[in-house]
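Just so it is clear: in the sequence shown, position 34 is 418 by this note's numbering, and no numbers are missing.
Everything on this sheet refers to the single structure shown next.
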Amino acid sequence: MRRLSVAVLISMSATVLAGCVEAPSEPGQARTARPTPTMPRPTVRPTRPPQLVDAIEAAVLAKRTVAYEITGRNGGDNGPTFAEVSGEYRFNSRNSVDFDAFLSLEDREGETKKSEGIGVGSAFFLKPPPDSGLPRGKSWIRRDRDDWEDPQVYRPLYNEAIRSVDGIQDWSMLAGAAKLKPIGRRTIGDVETTGHQARINILDAMPKVDDGSRRVLSDLYAQGARSIGFTVWVDKDYLPRAVLVNIELKSRLMLLDVRYRGWGKQVTIAEPPAAQVWRRS
């Protein structure tokens, strides 16, 4: 079963877009989540990576919705040097998450590119920068979330923007770690949290994770990464409040900082108007 999939690895990792299995809503129609008020609690304190992942996922599915912000830095010679992503998630089940994402990417010449992505059900929509060569009257590209083949002309954009929005599981990837290291408490905003740290050996983790995560790990391994460091900060209900990720690639260090706020608050995620969409798959 594919675990909850959320954003951690932004453009600089060149990962792939993971699919969801839930049927899409009608075009242009928003779906509003109604969070469940009852919070589950693990019967024992999680001490192993899979136990912590299970506790986090149970809490996330109880609240269902959250806003997020991601910042990333790429220390290498290629690709963007700085990226910011913000948006909202709606967790429908362990197999399905809807999202919207607003991206800003800064390259080494100081030029900033902005784009937007929406994932609803089985559909993924990308709104590239205005000079991206879309057909007249179209401002969005639609593709199925299980379509792994990018149109050649847009491949750099997918690599540098939305295609990885839900391609790596930040907390779920912890299931591939050998052990957890508790790192004490920290206040994030006005919420007291507990930190858990793990380092994942990519080759060792591959048999322990689902297909979506395995594809991401394979892609990172091909780029030269051999391990991924995670730090996850959770509140008393095991809701994640922050995730820090560091990945050493062949010639650069990638650093990502994910923050979550407003667990359980209403979100509205809608497909763009059908007339503005160029359907690719």
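Glycine is no exception: its CB is placed at the ideal position from the N, C-alpha and C atoms.
Take the alpha-carbon of K634 and the one of V469: they are about 25 Å apart. Straight through space, the alpha carbons of V642 and I454 are spaced by roughly 4 Å. According to DSSP, residue pairing for L510 in a beta bridge involves G501, I525.
Of the residues L489, I612, A507, the one whose Cα lies closest to the Cα of P513 is L489.
Contact annotation: F475 and M557 have beta-carbon atoms that are not nearer than 8 Å. Distances from the CA of V629 to each of L639, F466, L587 were compared; the closest alpha carbon is that of L639.
Three or more Cβ pairs drawn from the segment 566-579 and the segment 617-625 lie within less than 8 Å of each other, which places the two stretches in contact.
For D482, there is no enclosing alpha helix (DSSP H); the residue is found in the beta strand (DSSP E) stretching over 480-490. By DSSP's assignment, W662 forms a beta bridge with I525. For D515, there is no enclosing alpha helix (DSSP H), as DSSP marks it with neither H nor E. In this structure, F483 lies away from E500, with their beta-carbon atoms at least 8 Å apart.
In the DSSP secondary-structure assignment, K447 is not bridged to any residue. Under the three-pair Cβ rule at 8 Å, the segment 651-658 does not count as touching the segment 601-619. Only buried fits K497, as 16 or more other CB atoms lie within 10 angstroms of its CB.
For A626, no alpha helix (DSSP H) encloses it; the enclosing beta strand (DSSP E) starts and ends at 624-632.
Ranking P519, A467, P424, G579 by CA distance to the CA of V661 puts P519 first. The Cβ-Cβ distance between L564 and R432 falls below 8 Å. The C-beta of R529 has 16 or more other C-beta atoms within 10 Å across all chains shown, which makes the residue buried. P434 carries a helical assignment under DSSP once its states are collapsed to helix, strand and coil.
Inter-residue distance for G608 and V437 is about 27 Å (C-alpha atoms, whole angstroms).
Assignment of D603 by DSSP, reduced to helix, strand and coil, places it in the helix class. Per DSSP, L640 is one residue of the beta strand (DSSP E) stretching across 637-645.
Looking at the DSSP output, R570 sits in a beta bridge with T577.
Residue pairing by DSSP puts V616 in a beta bridge opposite H580, V627.
Per DSSP, reduced to three states, the secondary structure at A654 is strand. Excluding its 5 nearest sequence neighbours in each direction, M590 has C-beta neighbours in its own chain below 7 Å: R598, L601, listed in chain order.
It is roughly 16 Å from the alpha-carbon of V627 to the alpha-carbon of A439. In the three-state reduction of the DSSP assignment, A442 falls in the helix class, which pools H, G and I. When DSSP states are grouped into helix, strand and coil, K592 belongs to the helix group.
Annotation: G608 is outside any beta strand (DSSP E) and is labelled neither H nor E by DSSP.
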